[in-house]
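Worksheet for the structure shown next.
Next up, the structure:
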């Protein structure tokens with residue numbers, strides 16, 4: 016092997032990230048982990064009770080905005096991939112986002128006093144569309160940056176662990192603190208404006224540190240190819256991406272199902288609706304506490320093993336829920352929350368770390384770095400599946416005979432209990448099946464890195480590496 020080729024292989028061994036980079040990158044997900052928690056918890060009430068918009072119009076605002084949010088994800092991914100500046104392809108959007116994050120979040124909660132309802136509707140729709148446009152503009156490049164910061168299999172797990180720590184921490188803060196701020200003011204309008212001012216800054220300012228602490232790779236700043244709509248479909252021809260996507264969709268759809276059913280389960284079956292938020296807080300704290308454990312498992316035994324293990328813990332937790340009855344001590348409910356949090360925390364950490372390896376497989380196929388398109392499609396499919404899943408759950412609840420604000424029938428309570436336990440088990444089992452098929456192991460990824468590094472430098476592959484390249488194309492891409 017020539018000296019140049021040897022250097023090409025050795026270069027992939029120096030991919031350790033500094034603590035500054037890990038913290039700086041992780042801080043960015045204070046925004047991603049918290050903003051939609053606040054909106055999901057408080058925004059519908061704000062629209063109907065503070066802005067005085069009819070519930071059907073408030074729902075229309077949210078629905079239209081979510082559709083726009085989903086559609087723009089892959090478009091922003093493509094734009095980010097094709098951006099060329101001296102700061103890179105992703106980081107410029109962090110700087111641009113700092114003022115826009117603050118302004119867009121503040122406008123969401125500004126209680127306009129227009130006399131006509133249609134005027135209030137138009138303003139709130141505009142503000143929500145502006146908000147989701149900004150969060151897409153920032154978070155799609157943010158997600159796409161992770162695979163570029165390090166090419167190391169284990170360092171990507173470590174980076175994801177830091178990111179998830181800040182994301183989960185933000186989720187806890189944003190589930191509890193907003194209402195406490197609002198309640199400190201006599202006028203809800205003033206309270207919501209103060210809350211928006213605080214959290215607008217809370218979400219925006221960290222991106223200055225994210226920008227300063229991260230650095231993009233010059234070798235990934237490839238010439239811009241002519242745009243083709245087929246680019247949005249090409250990832251679905253990548254076997255590795257499809258398996259990761261299905262693992263992601265089924266496991267995260269499980270979270271949607273549990274979160275959407277939980278308030279009904281706690282209120283009507285367990286009859287302890289007053290502790291729902293506290294139980295959620297316990298679950299989130301459990302996720303945070305077990306981040307180091309799952310990071311260790313992923314590094315020691317591989318990401319797929321960590322994902323499989325965390326899903327199995329989660330499945331056991333859902334079966335355990337069948338033992339909980341209205342007569343069960345409150346401590347058992349908190350134990351269930353801790354148990355579930357152990358599983359969900361592992362799933363969240365490992366799936367994002369696994370996703371970071373997918374653009375490497377695409378580079379083997381296309382010769383291009385298209386993290387943005389993959390990130391955009393990943394997020395788009397997640398939002399689409401969430402919308403469909405929540406529609407099906409709400410339909411099942413309706414068919415089961417749910418009666419708002421009334422005593423529920425025994426039939427409904429039985430269906431509710433079975434839905435809460437078994438629907439997640441079915442979805443998680445599907446996630447397990449696709450995880451077992453996921454082909455990219457740590458050893459394969461190490462070899463893939465060597466091949467890609469040599470190809471980026473236009474260096475010749477050995478016969479052994481050429482044979483492995485063809486094998487990878489068949490095994491990883493299909």
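In the numbering used here, the protein residues as written are 16 to 493. Ideal Cβ placement from N, Cα and C applies to all residues, glycine included. Here the structure is a predicted model, which is why all the values come from computation and not from measurement.
**Message:** One question on the structure: do residue 1 and residue 388 come within less than 7 Å of each other, judged by their Cβ atoms?
**Reply:** Because the chain in this structure spans residues 16 to 493, residue 1 falls outside the shown range and cannot be described.
**Request:** Would you please state the rounded distance, in angstroms, between the beta carbons of residue 300 and residue 187? I believe it to be under 8 Å.
**Result:** 7 Å
**Message:** Using the three-state DSSP reduction, which class does residue 134 fall into: helix, strand or coil?
**Reply:** helix
**Prompt:** So, helix, strand or coil for residue 357, using DSSP?
**Reply:** helix
**Asked** Does any heavy atom of the ligand COA sit closer than 6 Å to the C-beta of residue 352?
**Response** With respect to the ligand COA, the structure offers nothing, as it holds no ligand at all.
**residue 417, DSSP secondary structure in three states** = coil
**Prompt:** CA-CA distance, residue 231 and residue 379?
**Reply:** 20 Å
**Asked** residue 400 and residue 298: beta carbons closer than 7 Å?
**Response** no
**Message:** Using a 10 Å radius around the Cβ and a threshold of 16 neighbouring Cβ atoms, would you call residue 70 buried or exposed?
**Reply:** exposed
**Message:** With a threshold of 7 Å between beta-carbons, can residue 273 be considered close to chain C, or not?
**Reply:** Looking at the structure shown, chain C is missing, and only one protein chain is on hand.
**Prompt:** So, do the segment 33-49 and the segment 212-230 have three or more beta carbon pairs nearer to each other than 8 Å?
**Reply:** yes
**Message:** Does the structure place the segment 140-155 close enough to the segment 81-91 that three or more beta carbon pairs sit under 8 Å?
**Reply:** yes
**Message:** Less than 6 Å between C-beta atoms, sequence neighbours within five positions excluded: which residues of the same chain meet that for residue 172?
**Reply:** 310, 313, 314, 368
**Request:** Keeping to the same chain, check which residues put their C-beta closer than 7 Å to that of residue 428; ignore five residues upstream and five downstream.
**Result:** 283, 284
**Prompt:** Looking at residue 219 and residue 113, is the spacing between their C-beta atoms short of 7 Å?
**Reply:** yes
**Item:** Which of helix, strand or coil DSSP assigns to residue 128
**Value:** coil
**Prompt:** Are residue 255 and residue 363 close, meaning C-beta to C-beta below 7 Å?
**Reply:** no
**Request:** Please check the pair residue 359 and residue 270, which I expect to be a contact at CB under 8 Å, by giving their CB distance rounded to whole angstroms.
**Result:** 7 Å
**Asked** Would you call residue 329 buried or exposed, if buried means 16 or more other Cβ atoms sit within 10 Å of its Cβ?
**Response** buried
**Asked** Between the Cα of residue 82 and the Cα atoms of 60, 318, 144, which residue gives the shortest distance?
**Response** 144
**Asked** Nearest-angstrom Cα distance between residue 248 and residue 366?
**Response** 22 Å
**Request:** Write down every uninterrupted run of the alpha helix (DSSP H) in the segment 319-406 whose length is 4 residues or greater and which is fully enclosed by it, in chain order.
**Result:** 345-370, 373-381
**Asked** When we look at the beta-carbon of residue 19 and count the other beta-carbons within 10 Å, is it buried (16 or more) or exposed?
**Response** Note that residue 19 scores 40 on pLDDT, short of 50, meaning its location in the model is unreliable and no value can be drawn from it.
**Asked** Which residues in the same chain have their Cβ closer than 8 Å to the Cβ of residue 291, if we skip the five residues on either side of it in sequence?
**Response** 277, 278, 281, 282
**Request:** Measure the C-alpha to C-alpha separation of residue 208 and residue 267 and round it to an integer number of angstroms.
**Result:** 32 Å
**Message:** For the structure I just gave you, are there three or more beta carbon pairs, one from the segment 333-342 and one from the segment 473-491, closer than 8 Å?
**Reply:** no
**Asked** Would you report the Cα separation of residue 441 and residue 216, rounded to the nearest angstrom?
**Response** 41 Å
**Prompt:** Do residue 146 and residue 72 come within 7 Å of each other at the CB atom, strictly closer than that value?
**Reply:** no
**Item:** As assigned by DSSP and simplified to three states, the class of residue 169
**Value:** helix
**Asked** What are the start and end residues of the alpha helix (DSSP H) that includes residue 474?
**Response** No alpha helix (DSSP H) contains residue 474, which DSSP labels as neither H nor E.
**Message:** For residue 85, which residues in the same chain have their Cβ closer than 7 Å to its Cβ, ignoring the five residues on either side in sequence?
**Reply:** 395, 398, 399
**Request:** Using only alpha-carbon positions, find the residue among 458, 483, 455 that is nearest to residue 466.
**Result:** 483
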